[in-house]
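Novice: Keeping their order, the protein sequence lines are chains A and B.
Counted the way the working numbering counts, the first sequence spans residues 12 to 164.
Counted the way the working numbering counts, the second sequence spans residues 12 to 164.
Below is one structure. I have some questions about it.
Number of protein chains: 2
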Amino acid sequence: MTVEQITHHFLAHRNVTNELINKIEAGHYEYKPAPTSMSAFDLSTHILTSFYAFASVVKSGDLSPLGQKADFSGKSLSDLAAEYTQKTVDVLRSLSEDDLNKAIDTTAAFGRKLPGSQLLQMAIDHEIHHKGNLYVYVREMGHTDLPLFVQFG
Amino acid sequence: MTVEQITHHFLAHRNVTNELINKIEAGHYEYKPAPTSMSAFDLSTHILTSFYAFASVVKSGDLSPLGQKADFSGKSLSDLAAEYTQKTVDVLRSLSEDDLNKAIDTTAAFGRKLPGSQLLQMAIDHEIHHKGNLYVYVREMGHTDLPLFVQFG
């Protein structure tokens, strides 16, 4: 897999994530399908910040980006979706083949070392998983005209 | 990607799918989170039959497996999960390198030709997506002790 193929696969899902996020009105930010669920706001920002953190871990070669705290104050989910998507694409496109191949010590987070490419595969799986959660949230908010789970082409 | 790597990635998610399916009691088979949602039974069998059909398309080299109708009568979701998972692993393990590389005419379904390996990647994405839906269903049924979205190792 090249960086361009990974970025393409990421965006084929992220563009759909953002389409769903853009349907969530501010009045629904605290919506939870069940008492133990993440709120719509927390789930959306979890998706956005996680991929950015995973990509940043591959770039830096260590787990330090996982500890960064984000400040969402005063921003809408739509603003955050646009901002994080751009930041994530920028990091992905800056990765070298060496970044993809080198093993990163992710033992503290995942119990073992992982090559950058495998960490990005896990990041894409994580995005699809939580986007799958988000579809149910958005349908429960009353939206019935929802996009296909991935963009082709 | 080798057939063994693809099978491993498939099972890392399918084992979690099955863990969720096994939590769904017969009294909840018709449960829907929203009026336009698939029922828990339909969503579960859609996940199980889709991957089997995608793998069979890669094996046969044409779209004919997509037209096969399945008969679920008298079977529990747990039975179906075990049955389809085994059948799917059998097909995946029978694939050759040539099956993974050759372009399949999937124009009628996806608008273009796709190599077998890419069709299987889409099948895994499809599984993760709908498993992500299923997490919300199962949480709404009252289950709070849910597995991680993917099995490591």
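A virtual CB, placed ideally from N, CA and C, is assigned to each residue, including glycine.
By a C-beta neighbour count over all protein chains shown, 10 Å radius and 16 as the cutoff for buried, is residue 166 (chain B) buried or exposed?
Specialist: Residue 166 (chain B) is absent from the structure shown; chain B starts at 12 and stops at 164.
Novice: For residue 99 (chain A), count neighbouring Cβ atoms within 10 angstroms of its own Cβ and tell me buried if that reaches 16, exposed if not.
Specialist: Along the first sequence, one-based indexing puts residue 99 (chain A) at 88. Classification for residue 99 (chain A): buried.
Novice: Would residue 33 (chain A) pass as an interface residue toward chain B - the criterion being a Cβ-Cβ separation below 8 Å?
Specialist: Translated into the one-based positions of the first sequence, residue 33 (chain A) becomes position 22. Not an interface residue.
Novice: For the alpha helix (DSSP H) holding residue 26 (chain A), just list the boundary residues, first then last.
Specialist: Taking the first sequence and counting its residues from 1, the one referred to as residue 26 (chain A) is at position 15. 14-32 is the extent of the alpha helix (DSSP H) around residue 26 (chain A).
Novice: Can you check whether the C-beta of residue 21 (chain B) is within less than 8 Å of a C-beta belonging to chain A?
Specialist: By one-based count along the second sequence, residue 21 (chain B) stands at place 10. Residue 21 (chain B) does not count as touching chain A.
Novice: Residue range of the alpha helix (DSSP H) that residue 85 (chain B) falls in?
Specialist: As a position in the second sequence, residue 85 (chain B) is number 74, starting the count at 1. Unbroken run through residue 85 (chain B): none, as it is neither H nor E.
Novice: When DSSP labels each residue in this structure, what does residue 76 (chain A) get in the three-state scheme?
Specialist: The residue labelled residue 76 (chain A) in the question sits at position 65 within the first sequence. Here residue 76 (chain A) sits in helix by DSSP.
Novice: Could you spell out the range, first to last residue, of the alpha helix (DSSP H) harbouring residue 127 (chain A)?
Specialist: Taking the first sequence and counting its residues from 1, one reaches residue 127 (chain A) at position 116. Where residue 127 (chain A) is concerned, the enclosing alpha helix (DSSP H) stretches over 127-151.
Novice: Quick check: what's the CA-CA separation for residue 118 (chain B) versus residue 110 (chain B)?
Specialist: In the second sequence, residue 118 (chain B) corresponds to position 107, counting from 1. In the second sequence, residue 110 (chain B) corresponds to position 99, counting from 1. For residue 118 (chain B) and residue 110 (chain B), the distance between alpha carbons rounds to 18 Å.
Novice: Skipping 5 residues on each side, what residues in its chain have a beta carbon closer than 6 Å to that of residue 95 (chain A)?
Specialist: Reading the first sequence from its first residue, position 84 is the one you call residue 95 (chain A). Same-chain partners within the cutoff: 59 and 63.
Novice: Starting from residue 69 (chain A) and walking both ways along the alpha helix (DSSP H), at which residues does that stretch end?
Specialist: Position 58 of the first sequence holds residue 69 (chain A). Counting along the chain, the alpha helix (DSSP H) containing residue 69 (chain A) begins and ends at 51-71.
Novice: Given residue 158 (chain B), which residues of its chain have a CB within under 7 Å of its CB, disregarding the five upstream and five downstream residues?
Specialist: For the purposes of this step, residue 158 (chain B) is identified with residue 147 of the second sequence, where counting begins at 1. 27 and 30, listed in sequence order.
Novice: Where does the unbroken alpha helix (DSSP H) through residue 120 (chain B) begin, and where does it stop?
Specialist: On the second sequence, residue 120 (chain B) is found 109 positions in, with the first residue counted as 1. Its alpha helix (DSSP H) spans residues 118-121.
Novice: Output the boundary residues of the alpha helix (DSSP H) element that contains residue 108 (chain B).
Specialist: Your numbering for residue 108 (chain B) matches position 97 in the second sequence. Its alpha helix (DSSP H) spans residues 108-112.
Novice: Considering only the alpha carbon of each residue, which of B:69, B:51, B:120 and B:34 lies closest to residue 42 (chain B)?
Specialist: Locating residue 42 (chain B) in the second sequence gives position 31, where the first residue counts as 1. Comparing Cα-Cα distances from residue 42 (chain B) to each of B:69, B:51, B:120 and B:34, the minimum goes to B:51.
Novice: Against chain B, with Cβ distances strictly below 8 Å, would residue 72 (chain A) count as a contact?
Specialist: Position 61 of the first sequence, counted from the first residue, corresponds to residue 72 (chain A). No, because no Cβ of chain B sits closer than 8 Å to the Cβ of residue 72 (chain A).
Novice: What's the C-alpha gap between residue 108 (chain B) and residue 107 (chain A)?
Specialist: The residue you call residue 108 (chain B) lines up with position 97 of the second sequence. The residue you call residue 107 (chain A) lines up with position 96 of the first sequence. Distance between the alpha carbons of residue 108 (chain B) and residue 107 (chain A) is about 28 Å.
Novice: Do residue 47 (chain A) and residue 155 (chain B) have their C-beta atoms closer together than 8 Å?
Specialist: To locate residue 47 (chain A), count along the first sequence from 1; it is residue 36. To locate residue 155 (chain B), count along the second sequence from 1; it is residue 144. Cβ atoms of residue 47 (chain A) and residue 155 (chain B): closer than 8 Å.
Novice: Against chain B, does residue 142 (chain A) count as a neighbour if the rule is that its beta carbon must be under 8 Å from one of theirs?
Specialist: Reading the first sequence from its first residue, position 131 is the one you call residue 142 (chain A). Yes - at least one Cβ of chain B is within 8 Å of the one on residue 142 (chain A).
Novice: State the CB to CB distance for the pair residue 127 (chain A) and residue 69 (chain A), rounded to an integer number of angstroms; the pair is presumed to be in contact (CB under 8 Å).
Specialist: As a working mapping, residue 127 (chain A) is identified with position 116 in the first sequence. As a working mapping, residue 69 (chain A) is identified with position 58 in the first sequence. Their Cβ separation, rounded to whole angstroms, is 4 Å, which keeps residue 127 (chain A) and residue 69 (chain A) in contact under 8 Å.
Novice: Is residue 140 (chain B) closer than 8 Å to residue 139 (chain A) when the C-beta atoms are compared?
Specialist: On the first sequence, residue 139 (chain A) is found 128 positions in, with the first residue counted as 1. On the second sequence, residue 140 (chain B) is found 129 positions in, with the first residue counted as 1. The answer is yes: Cβ separation under 8 Å.
Novice: Would you mind working out which of B:73, B:13 and B:82 sits nearest residue 125 (chain B), comparing C-alpha positions?
Specialist: Taking the first residue of the second sequence as 1, we reach residue 125 (chain B) at position 114. For residue 125 (chain B), the nearest C-alpha among the options comes from B:73.
Novice: How about residue 147 (chain B) and residue 144 (chain A): are their beta carbons less than 8 Å apart?
Specialist: Here residue 147 (chain B) is taken as the residue at index 136 of the second sequence, counted from 1. Here residue 144 (chain A) is taken as the residue at index 133 of the first sequence, counted from 1. Yes, the pair counts as a contact, with Cβ atoms nearer than the cut-off.
Novice: Does residue 63 (chain A) get closer than 8 Å to chain B when you measure Cβ to Cβ?
Specialist: Mapped onto the first sequence, residue 63 (chain A) falls at position 52. Not closer than 8 Å to any Cβ of chain B, the Cβ of residue 63 (chain A) fails to qualify, so no.
Novice: Is it right to say residue 163 (chain A) is buried, meaning 16 or more other beta carbons lie within 10 angstroms of its own, or is it exposed?
Specialist: Within the first sequence, numbered from 1, the residue matching residue 163 (chain A) stands at position 152. Exposed: under 16 other Cβ atoms inside 10 Å.
Novice: May I have the straight-line CA-CA distance separating residue 38 (chain A) from residue 78 (chain A), to the nearest angstrom?
Specialist: Within the first sequence, numbered from 1, the residue matching residue 38 (chain A) stands at position 27. Within the first sequence, numbered from 1, the residue matching residue 78 (chain A) stands at position 67. Answer to the nearest angstrom: the Cα atoms are 30 Å apart.
Novice: If we call anything under 8 Å between Cβ atoms a contact, is residue 149 (chain A) one with residue 35 (chain A)?
Specialist: Start at 1 with the first residue of the first sequence, and residue 149 (chain A) comes out as number 138. Start at 1 with the first residue of the first sequence, and residue 35 (chain A) comes out as number 24. Result yes, Cβ atoms of residue 149 (chain A) and residue 35 (chain A) sit closer than 8 Å.
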